[in-house]
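Report on one structure; see the data block that follows.
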Amino acid sequence: MRAYDGPRSGGEILVDQLVAHGVRHVFCVPGESYLAALDAFHDRSIALTVCRQEGGAAMMAEAVGKATGRPGICFVTRGPGATNASLGVHIAQQDSTPMILFVGQVARGARGREAFQELDIRAVFGSMAKWADEIDDPARIPELVSRAFMTAMDGRPGPVVIGLPEDMLVERATVADTPPSEPAETGAHASDVARLHELLLAAERPIMLVGGSRWSHAACGALARCAEQFALPVATTFRRAHLFDALHPCYAGDLGIGANPKLVARIRAADLVIAVGTRLGEIPSQGYSLFDIPVPRQTFVHVHPSAEELGRVYRPHLAIHATPTAFAAALEALPAPPSPRAREHAAAAHADYLAWSEAATPVPGAVNLGEIIVWLRQHLPADAIVCNGAGNFAAWVHRFYRFRRFATQFAPTAGSMGYGVPAAAAVKRLYPDRQVICVSGDGDFLMNGQEFATAVQYDLPIVVIVADNGSYGTIRMHQERHYPGRVVGTNLCNPDFAAYARAFNGHGATVEKTADFAAAFAQAVASAKPAILHLKIETEAIAPATTLSAIRERALARRDS
Ligand SMILES: Cc1ncc(C[n+]2csc(CCOP(=O)(O)OP(=O)(O)O)c2C)c(N)n1
Ligand SMILES: [Mg+2]
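To convert a position in the sequence shown, counted from 1, into our numbering, add 31.
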């Protein structure tokens, strides 16, 4: 660490701060507004990944935050760069992910004149970030960067946006670096744990819902052991399936979009619901229908690392202000003689999950995405990472892929299309020895498909599966439900995605039959290049359990009745 070794430029001080905080990767699109910071990366130990669009760069940084629990770092230029990057900031907000976006800004003396590409960072990001500010004095960079790290990680993690006036970055100052910090582990109070213990022992139909961030391998392990001791069914909330081993005898399933109706019924009928780490947003609460607001019918225990989330929507019977890691450790220490009835209850919940996810459902067309996901779950190693963005194609991933380990799933609870490719590139950059798969829709892929070039540039052999149904299928589905037969603004005329891959100097292949997938996947892996497998899916095959025509017919019948 550098300390008082003579004046450094603001750019140097800043990048030295990142080094001091243990940052290994930074994602950027360059801009003339932060040249002095860019220059400082030239001879420092941080790996810089230059991206093709700031939305992609910010999503990569967000994925690093998800993977490590420490802020993912992104650098972009002022107006156009920061507004492109806002996608990743919004994901970090909704997904509770630590992330810091540094934005090159106009010179201090020009501020307020609407100078070239000037952006009011505090105003624009004020409602989206946990903290948005600018650094005006290079001597305060260590202080403010330290605060940015703590703010991004502490309590409920989230994004921080910091503006860097370009003249501040070249000004020199003498200042010491600040050492790195760790977020506070808020622990459960002994009397709350005792109360929870009583509730657990008295409950006949308990269930635990896990989600949010601030988890770790250790926390997931402790929770799994505790679930086993108490014979406590555990469901994961939307896009957090990696928090609990799908083959654990207490796993009750994925509480997301298109959740197993038996799981939803089980939660409705529960006498005790323990929500850990999750804020129970609109999707896991099944459109705010699962629990009464503000007071749930079920005895409701809410465990969250942020005091502000406790009682925000649901008034809990027992509120526990604790991180998942501290809570899981406290829970594991409790004695638990589970009754045979409790064991039966947990076994039934797991059996429901296994039955729901076991075999792919039949769908129209020659390529069944469900069968492909089942094949992947049977053939990928347990530590393989699966990324996706948003669209109906993801329903097959959520239902049929069985996540076994922490941090193997990277998907936006914010539902932002275009997340999968940048997330896959970022995690492959972090973990070059692990297999990284991205499942995309045709619409979803082209929202950030340009980052396939980044995967090629940095030699990141990810396999991207593009489920091409020629449609913004999700919206078409809603359209057929509400305006049957009136298709407008949802059809897509697509490129040859395999040729797209080859044009970028990657590997590309088209899959027209389910049976051809295994060989195509093997070839993609053997190519050792970033690869795209273009699946030709019928538009009709809109969801695992229904078709577009069936949705349309039901809607027409409703209208005519
Ligand atoms: C950035 C962004 N823009 C728009 C939407 C709204 N939206 C949700 S799903 C969807 C269509 C997804 O299409 P595709 O990726 O082809 O997947 P499909 O539903 O066809 O499987 C759209 C437009 C969104 N979620 N995110
Ligand atoms: Mg589509």
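Backbone N, C-alpha and C define an ideal beta-carbon position, used for all residues, glycine too.
**Q.** 8 Å Cβ shell around alanine 34 - same chain, five flanking residues per side excluded
**A.** Caution applies to alanine 34, whose pLDDT of 47 falls short of 50 and renders its modelled position unreliable; the value that the coordinates give is listed next. Closer than 8 Å at Cβ, skipping near neighbours: Ala207, Asp208.
Q) Could one say the Cβ of glutamate 85 lies closer than 9 Å to chain C's Cβ atoms, at least one of them? A) No chain C appears in the structure shown, which is made up of a single protein chain.
Q.
Let me check you understand the geometry: is the CB of leucine 385 closer than 8 Å to at least one non-hydrogen atom of ligand 1?
A. no
Q: Below 6 Å CB to CB, which residues in the same chain sit around valine 405 once its five sequence neighbours on both sides are set aside?
A: Ala391, Phe431
Q) In terms of residue numbering, what span does the beta strand (DSSP E) encompassing tyrosine 282 cover? A) 282–286
Q.
Between isoleucine 496 and ligand 1, is there a pair consisting of the residue's CB and a ligand heavy atom that are separated by less than 8 Å?
A. no
Q | N-terminal and C-terminal residue of the beta strand (DSSP E) that cysteine 105 is part of | A | 103–107
Q.
To the nearest angstrom, how far is the alpha carbon of glycine 396 from that of lysine 567?
A. 9 Å
Q) Distance, Cα to Cα, isoleucine 131 vs glutamate 375? A) 46 Å
Q. Any idea what DSSP makes of alanine 34, helix, strand or coil?
A. Reliability fails at alanine 34, whose pLDDT of 47 lies under 50, so the model's placement of it is uncertain and no value is given.
Q) Which value, in whole angstroms, describes the spacing of the CA atoms of glycine 364 and proline 347? A) At residue 364 the sequence reads alanine, which differs from the glycine that was named. Each residue's alpha carbon lies about 23 Å from the other.
Q: Name the two residues that bound the continuous beta strand (DSSP E) containing isoleucine 468.
A: 467–472
(Q) Assuming glycine 119 and glutamate 93 are in contact, meaning their beta carbons sit under 8 Å apart, how far apart are those beta carbons, in whole angstroms? (A) 5 Å
Q: Identify which residue in Glu85, Thr182, Gly62, Leu263 has its Cα closest to the Cα of proline 129.
A: Thr182
Q) Should serine 117 be labelled buried (16 or more other beta-carbon atoms within 10 Å of its own) or exposed? A) buried
Q: Would you mind working out which of Arg408, Val46, Ala296, Phe476 sits nearest phenylalanine 424, comparing C-alpha positions?
A: Phe476
**Q.** Alpha carbon of leucine 341 to alpha carbon of glutamine 148, nearest angstrom
**A.** 40 Å
Q) Would you call threonine 205 buried or exposed, if buried means 16 or more other Cβ atoms sit within 10 Å of its Cβ? A) exposed
Q: Check the C-beta distance from tyrosine 345 over to isoleucine 314 and give it rounded, since I have them as a contact under 8 Å.
A: That pair is no contact at about 15 Å.
Q.
Taking 8 Å as the cut-off, is the beta-carbon of threonine 505 closer than that to any non-hydrogen atom of ligand 4?
A. Ligands in the displayed structure: ligand 1 and ligand 2; ligand 4 is not one of them.
Q) Does DSSP put glutamine 440 in a helix, a strand or coil? A) strand
Q) alpha helix (DSSP H) containing phenylalanine 5: first to last residue? A) Beyond the ends of the chain as shown, which are 32 and 592, falls residue 5; an answer cannot be given.
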